[in-house]
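So the sequence shown is numbered by full-length UniProt numbering: it starts at 1 and just counts up by one. Comments concern the structure below.
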Amino acid sequence: MKILDAGTQPLSNQDVLTWVASKRAQHTAENSTTKGKGKGKDQQPSTHPSNFLASLTKHERELKDPKKYPYVNNPTAYNGTFDAMRKFDELLLERIYIPLEDKYRETTTMTAEEAGKALGKEQDEKTLTETEQLMLFNHAPQGVEQLQPMLENCEERFTAEEQQVLVDCVTEVYRGDEMGRKGEGGVGGQNGGSEP
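Shown next, in the form of structure tokens:
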């Protein structure tokens with residue numbers, strides 16, 4: 001994703017790390033073009049605010065920690081495209097939403113209209129918000145206890161079985177490389193796919 005203005009849209013941690021790296025490269029390029037120019041050929045490179053540079057360093061160090069963030073060890077899923085998010089959505093559809101349709105299709109206690117309304121309501125409740133999707137993408141929880149704080153009203157919206165299905169989908173898509181299933185979630189190659 002090309003970031004034109006870092007404050008205009010939600011960014012994944014991987015996007016922030018990429019932006020920090022591009023800022024560092026920009027500063028290096030600016031400094032190398034400034035050095036050796038001017039009257040005395042000893043002009044110093046432009047200075048950047050120390051608090052800005054300290055912030056870049058802090059964020060870069062934090063975001064490169066493989067123990068905290070999954071994208072460091074899972075380049076197939078976190079390859080700069082949205083293929084992994086699309087694959088995750090496909091798995092949710094296949095493993096949570098379609099079984100709901102089957103459940104309401106087979107019901108005998110409601111009319112077809114009532115079942116349709118109940119299905120729509122339950123599917124709406126189980127739909128993940130953009131923020132929830134980003135939290136799962138950034139942190140890729142490995143257990144239900146890590147998943148629950150990331151999803152609003154998780155225990156009311158999802159059954160225990162569905163919560164485990166969510167964790168399994170996250171593991172399959174966002175932690176496939178770590179788990180030794182490189183490329184097995186169907187998330188394209190390391191450089192495959194394109195932005196939406």
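Where a beta carbon is used, it is the ideal one built from N, C-alpha and C, also for glycine. Quick caveat: nothing in here was measured; it's all calculated off a predicted structure.
- Secondary structure of ARG175 (DSSP, three-state): coil.
- Remark: C-beta atoms of MET150 and GLU132 approach each other more closely than 8 Å.
- The DSSP-derived three-state label of ASN13 is helix.
- Taken through DSSP and simplified to helix, strand or coil, LYS87 comes out as helix.
- Under the three-state reduction of DSSP output, HIS48 falls in the coil class, being neither helix nor strand.
- Distance from the CA atom of ARG95 to the CA atom of VAL165, rounded to whole angstroms, is 7 Å.
- Going by DSSP, ASP65 is part of no alpha helix (DSSP H) at all; its letter is neither H nor E.
- DSSP places PHE137 inside the alpha helix (DSSP H), whose first and last residues are 130 to 139.
- By the criterion of at least three beta-carbon pairs nearer than 8 Å, the segment 109 to 117 is not in contact with the segment 78 to 85.
- Residues VAL20 of the same chain have their beta carbon placed closer than 6 Å to that of GLU60, with the five preceding and five following residues left out of the count.
- DSSP places GLU125 within a helical segment (H, G or I) once states are collapsed to three.
- In this structure, the CA atom of LEU100 is about 24 Å from the CA atom of GLU145.
- Linking LYS87 to THR33 through their CA atoms gives a straight-line distance of about 43 Å.
- Secondary structure at ASN153: coil, using DSSP grouped into helix, strand and coil.
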